[in-house]
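Undergrad:
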Amino acid sequence: MSVVPLFKVHMPESVLEPLKKTLFSGFIGQGEKVAEFELAIAPWVGSPNCLLVNSCTSALRLAMRVSGVGPGTEVVSTPVSCAASNTPILEEMASIVWGDIDPWTGNIDPLDVERKITPRTKAIVAVHWGGYPCEIDPLLKVARKYGIALIEDAAHAFGAVYRGRPVGSQLSFCTFSFQAIKHISTIEGGLLVCPSMDAYRSARLLRWYGIDRDTPRVDLRCEEDLKTAGFKYNPNDVHATIGLEQLKYVKGILDRHRANAAFYDGELEGLRRVKRLRYQKDRLSSYWLYTIRVDDRESFQGWMKSRDVMVSQVHVRNDVHTAFQAFRRNLPGADEFCREQVSIPVGWWVDDEARAKIVQAIRDWDRS
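The numbering used here puts the sequence shown at residues 1 to 368.
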């Protein structure tokens, strides 16, 4: 058996025919396929207020702009994520206030979030680590209490479920990633789900310069008066065509991720040096990652590499980066989690033989 990868691109051959039609249709920019994809994905996120964009990072920045994040304001966020979760805060010239996390889920702690809120706070950014939903209801309660926005970064969490509702349906801003190695890929791309029609209209306007694409035109868009300066975050029909085809497969992809996770849950219980994360039964992870905690990560990573299994931290905590140094503070939960966390392959490409190999390698290390 060859090396078991941690990530793999899902790209079905069936995409070739619809992609060919789009490529030679004479229209490859943002058009009918984008609108079709936004309609098709709405049931998966439980909201009609869906805006396809060119990346999850763009979706985050749009959510921040609509929420009033800007110079002189603050955003409470987690350092345990991809840096792209937090660079939009700096792009909006706002300050980051790091919230601590639960060291047994990797997700931001609502109690610590509330402690960090000031009169300058405009938003909370909550990352669903590995696809496991955050404490959305408590976070929404805090956001409403202080009149600020909750922005869910669900880059890992497409298809995840919180208390019977799909992630994306909780009346907050919610952003998804369709980057190459996610559950569903449009090569590059993202989705912004808005909590209201007013927020949706504002974000839609900002998505493409500030141009209202729905009003009647005499001479293309030449006569449009830009009332606000927007971004160039629009998607295109090529990426949307790929996404529409990928949607046909995403249930099977999610099912396999979850089946592999359930296998690990049973097989890794009771080990001495390896600890599973602690997940509640009122939500369902998408398991983009299967993260464990180990007592010696360097040893573990070396061991798994020697057994032809790719493992990784995936993301280093953001507050160690020079760009974020000004906001550093004591975060004991993040310290504990980041000292021990590592992820093992869990995706649709991990067959029964591969996952048995992974478990055996982990057990052998645990006994070493």
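Backbone N, C-alpha and C fix where the C-beta goes; we use that ideal spot for every residue, glycine too.
Is it a yes or a no for the segment 117–130 touching the segment 142–153, going by three-plus beta-carbon pairs under 8 Å?
TA: Counting Cβ pairs under 8 Å, three or more are found: they touch.
Undergrad: Just list the residues that DSSP pairs Trp208 with in beta bridges.
TA: Lys232
Undergrad: So, for Leu139: in the same chain, excluding its five sequence neighbours on each side, which residues have a beta-carbon less than 7 Å away from its beta-carbon?
TA: Pro110, Val113, Ile124, Ala126, Leu150
Undergrad: Could you tell me the distance, in whole angstroms, from the CA atom of Asp265 to the CA atom of Gly29?
TA: C-alpha separation (whole angstroms): 44 Å.
Undergrad: Counting only the same chain and skipping the five closest in sequence on each side, list residues whose C-beta sits under 6 Å from that of Arg152.
TA: Per the sequence shown, residue 152 should be read as Glu rather than Arg. Here the set comprises Ala126, Ser172, Cys174.
Undergrad: Can you tell me the Cα-Cα spacing of Cys56 and Leu191, whole angstroms?
TA: Rounded to whole angstroms, Cys56 to Leu191 spans 6 Å at the Cα level.
Undergrad: Can you give the Cα-Cα distance for Phe337 and Cys82, rounded to whole angstroms?
TA: If you draw a straight line from the Cα of Phe337 to the Cα of Cys82, it is about 15 Å long.
Undergrad: Only counting runs of 4 or more residues, tell me where the alpha helix (DSSP H) segments fall wholly within the segment 131–176, in order along the chain.
TA: 136–146
Undergrad: Given a threshold of 16 other Cβ atoms within 10 Å of its Cβ, counted over all protein chains shown, does Thr322 qualify as buried or as exposed?
TA: exposed
Undergrad: Any idea which residues DSSP pairs Thr291 with across the strands?
TA: The secondary-structure analysis by DSSP pairs Thr291 across a beta bridge with Ser343.
Undergrad: Between the Cα of His183 and the Cα atoms of Leu271, Val309, Ala155, which residue gives the shortest distance?
TA: Ala155
Undergrad: Go ahead and pull the three-state DSSP assignment for Thr241.
TA: helix
Undergrad: Please state if the CB of Lys232 and the CB of Tyr209 are separated by a distance shorter than 8 Å.
TA: For Tyr209 and Lys232, yes; Cβs fall inside 8 Å.
Undergrad: Candidates Ser185, Leu51, Ala35, Lys33: which alpha carbon is nearest Lys207's?
TA: Strictly speaking, residue 207 in this sequence is Arg, with Lys absent from that position. Here the closest residue by C-alpha is Leu51.
Undergrad: Tell me the rounded alpha-carbon separation between Thr228 and Met64.
TA: Cα-Cα distance, rounded: 15 Å.
Undergrad: Is it the case that the segment 351–365 contacts the segment 16–26, given that we only count it when at least three CB pairs across the two stretches are under 8 Å?
TA: In this structure the segment 16–26 does not touch the segment 351–365; the number of beta carbon pairs closer than 8 Å is below three.
Undergrad: Considering only C-alpha positions, which residue in the set Ala259, Phe327, Gly189, Ala361 is nearest to Arg273?
TA: Ala361
Undergrad: Leaving aside the five residues before and after Glu224 along the sequence, list all residues of the same chain whose C-beta is less than 6 Å from its C-beta, in chain order.
TA: Ile211
Undergrad: Please list the terminal residues of the continuous beta strand (DSSP E) segment that includes Lys182.
TA: Neither: Lys182 is in no beta strand (DSSP E) and is coded neither H nor E.
Undergrad: I'd like the ranges of any beta strand (DSSP E) spanning at least 3 consecutive residues and lying wholly in the segment 59–112.
TA: 74–77, 95–98
Undergrad: Apart from the five residues on each side of it in sequence, which residues of its chain come closer than 6 Å, Cβ to Cβ, to Thr186?
TA: Cβ within range, chain order: Phe178, His239, Ile242, Gly243.
Undergrad: Check each candidate in Lys8, Val4, Met197, Ser2 and name the one with the smallest Cα separation from Ile253.
TA: Lys8
Undergrad: From Pro166, Val350, Glu38, Ala334, pick the residue whose C-alpha is nearest to that of Ala372; which is it?
TA: Residue 372 cannot be examined here, being either before or after the span of the chain that is shown, 1 to 368.
Undergrad: DSSP has Ile124 in a bridge; who is on the other side?
TA: Val76, Leu150
Undergrad: What first and last residue would you give for the alpha helix (DSSP H) that runs through Leu39?
TA: 32–45
Undergrad: To the nearest angstrom, how far is it from the Cα of Ala157 to the Cα of Ser67?
TA: Cα to Cα, Ala157 sits roughly 22 Å from Ser67.
Undergrad: How is the beta strand (DSSP E) around Arg276 delimited, first residue to last?
TA: 274–276
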